[in-house]
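Visitor: Residue numbers (the numbering used here): 3 to 166.
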Amino acid sequence: ASTNPDKRRGTLMLNPGGPGGSGLSQPAFLANRGIPSEVLDTYDVIGMDTRGIGRSTPVACGFTPEGPYFANIPPYAVDDAAVSARAKVVKEVAEQCARRDKDGVLPHLTTANTARDLDRIRAALGEEKTSFLGYSYGTALGAAYASMFPERSDRIVLDSNIGD
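The structure is reproduced here in structure tokens:
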């Protein structure tokens, strides 16, 4: 909650990126890392686990260091062989997750659906607008939210943007 109710501007939702990073501890993490006191005075800072993450219907694909998983994807596809190697690992990762998705959750893990979830949180809190701070993949989520709900977006901060 805002540490100075007289200065309260509203909510500030956080997303640490990934995707895959839990956001529940993000407010405490930022407070410990020296988030400006003006931010804490002004906003109710909110972290959450988005769809498929942590405590929000987590998806467990069963990755091991020996098998296909994102850390084993070749980092840069600079030639045809690298493109093929990258595509092969990505396909194996997707197939492994699909085999383990017994509840049919994966098709609903989209950036647009997650942006809609953010808007439901905003509405549940009784806020007309919300602010957002996203890192890495969180920049795509913040951009999607602002595009889908411009009239409900206050301040949107996108840090360490991803892009293709």
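Every residue gets a Cβ at the ideal spot worked out from N, C-alpha and C, and that includes glycine.
1) Out of 44, 49, 124, state which residue places its alpha-carbon closest to the alpha-carbon of residue 23.
2) Less than 8 Å between C-beta atoms, sequence neighbours within five positions excluded: which residues of the same chain meet that for residue 162?
3) Keeping to the same chain, check which residues put their C-beta closer than 8 Å to that of residue 144; ignore five residues upstream and five downstream.
4) For a test of the three-state rule: what should DSSP assign to residue 17, helix, strand or coil?
5) Mind checking whether residue 3 and residue 43 have CB atoms under 8 Å apart?
6) Buried or exposed: where does residue 127 fall if 16 or more other Cβ atoms within 10 Å of its Cβ makes it buried?
7) Please classify residue 161: does DSSP put it in a helix, a strand, or coil?
8) Among the candidates 32, 40, 27, whose CA atom is the shortest distance from the CA of residue 5?
9) Can you have a look at residue 101 and say buried or exposed, based on whether 16 or more other CB atoms are within 10 angstroms of its CB?
10) Take the Cβ of residue 86 as the centre, count every other Cβ of all protein chains shown within 10 Å, and call the residue buried at 16 or more, exposed below.
11) Would you decide whether residue 116 is buried or exposed? Buried here means 16 or more other CB atoms lie within 10 Å of its CB.
12) Can you tell me where the alpha helix (DSSP H) holding residue 92 begins and where it ends?
13) Let me know the beta strand (DSSP E) ranges lying completely inside the segment 109-156, each 3 residues or longer, listed in chain order.
14) Do you know how far the Cα of residue 111 is from the Cα of residue 53?
15) Please report the distance separating the alpha-carbon of residue 124 from that of residue 118.
Guide: Considering the structure as presented:
1) Translated into the one-based positions of the sequence shown, residue 23 becomes position 21. Residue 23 has its Cα closest to that of 49, out of 44, 49, 124.
2) Working through the sequence shown from its first residue, we reach residue 162 at position 160. 19, 137, 138, 141, listed in sequence order.
3) Against the sequence shown, residue 144 aligns to sequence position 142. The residues are 17, 134, 135, 136, 158, 159, 160.
4) Numbered from its first residue, the sequence shown carries residue 17 at position 15. It is a strand residue.
5) In the sequence shown, counting from the first residue as 1, residue 3 sits at position 1. In the sequence shown, counting from the first residue as 1, residue 43 sits at position 41. Not a contact, by the Cβ cut-off of 8 Å.
6) Here residue 127 is taken as the residue at index 125 of the sequence shown, counted from 1. Burial call: exposed.
7) The residue you call residue 161 lines up with position 159 of the sequence shown. In this structure, residue 161 counts as strand in the three-state DSSP scheme.
8) What you label residue 5 is simply residue 3 of the sequence shown in a count that begins at 1. The shortest Cα separation from residue 5 among 32, 40, 27 belongs to 40.
9) Indexing the sequence shown from 1 puts residue 101 at position 99. When all chains shown are included, residue 101 counts as exposed.
10) Indexing the sequence shown from 1 puts residue 86 at position 84. By the 10 Å Cβ count, residue 86 comes out exposed.
11) Residue 116 sits at position 114 when you count from the first residue of the sequence shown. Buried, by the Cβ-count rule.
12) If you number the sequence shown from 1, residue 92 lands on position 90. Counting along the chain, the alpha helix (DSSP H) containing residue 92 begins and ends at 82-102.
13) 132-137
14) Working through the sequence shown from its first residue, we reach residue 53 at position 51. Working through the sequence shown from its first residue, we reach residue 111 at position 109. Whole-angstrom Cα-Cα distance: 6 Å.
15) Here the question's residue 124 lines up with position 122 in the sequence shown. Here the question's residue 118 lines up with position 116 in the sequence shown. Each residue's Cα considered, the two are about 10 Å apart.
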